[in-house]
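*Asks:* In our numbering, the protein residues as written are 12 to 128.
All C-beta atoms, glycine included, are put in the ideal place defined by N, C-alpha and C.
Structure in structure tokens, see below.
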């Protein structure tokens with residue numbers, strides 16, 4: 012009987028360990044090299060001197076840049092947790108939360124950004 016109890020305890024421990032390990036979120040993007048994501052399907056700007064596409068750049072050290080449209084990409088820091096990318100604009104301290112759809116696609120309030128090759 013004691014042998015059955017210890018087998019049950021080991022089985023329970025094994026199942027709990029598996030549940031914990033599979034329940035941990037993996038980051039949807041791993042940044043090992045510089046990455047630039049650019050918004051797609053954007054109509055041409057009214058003023059050709061300015062872009063109206065959103066651009067996000069990520070570097071391996073947790074820094075990068077963000078532009079919601081215009082001619083400048085502002086320095087930023089970022090954090091990836093599971094399928095969420097949080098970007099903080101260093102100049103305004105504005106925070107942006109993007110959904111990581113895949114390793115090559117981000118979504119920000121319906122705006123689709125694709126990884127440049």
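What do you reckon, are the CB atoms on residue 65 and residue 104 nearer than 8 Å?
*Replies:* Position 54 of the chain shown, counted from the first residue, corresponds to residue 65. Position 93 of the chain shown, counted from the first residue, corresponds to residue 104. Going by C-beta atoms, residue 65 is not nearer than 8 Å to residue 104.
*Asks:* Can the beta-carbon of residue 69 be found less than 8 Å from the beta-carbon of residue 46?
*Replies:* Within the chain shown, residue 69 is the residue found at index 58, counting from 1. Within the chain shown, residue 46 is the residue found at index 35, counting from 1. Yes. Within cutoff.
*Asks:* Using DSSP with H/G/I as helix, E/B as strand and the rest coil, what is residue 94?
*Replies:* Your numbering for residue 94 matches position 83 in the chain shown. It is coil, neither helix nor strand.
*Asks:* Would you list the residues sitting across from residue 118 in a DSSP beta bridge?
*Replies:* Here residue 118 refers to the residue found at position 107 when the chain shown is read from its first residue. BP columns for residue 118 point to 110, 123.
*Asks:* Tell me which same chain residues have a C-beta within less than 6 Å of the C-beta of residue 98, skipping the five on either side of it?
*Replies:* Position 87 of the chain shown, counting from 1, holds the residue named residue 98. So the qualifying residues of the chain are 77, 87, 89, 107.
*Asks:* I'd like the list of long-range same chain contacts for residue 79, defined as Cβ closer than 8 Å, with 5 residues on each side in sequence excluded.
*Replies:* As a position in the chain shown, residue 79 is number 68, starting the count at 1. Counting only Cβ-Cβ distances below 8 Å, and skipping sequence neighbours, we find 65.
*Asks:* What is the rounded straight-line gap between the Cα of residue 41 and the Cα of residue 85?
*Replies:* As a first step, residue 41 must be located in the chain shown, where it is residue number 30. As a first step, residue 85 must be located in the chain shown, where it is residue number 74. If I take the Cα positions, the gap works out to 22 Å.
*Asks:* Hey, quick one: how far does the beta strand (DSSP E) through residue 84 stretch, first residue to last?
*Replies:* For this step, residue 84 is matched to residue 73 along the chain shown. Run containing residue 84: none; DSSP gives neither H nor E here.
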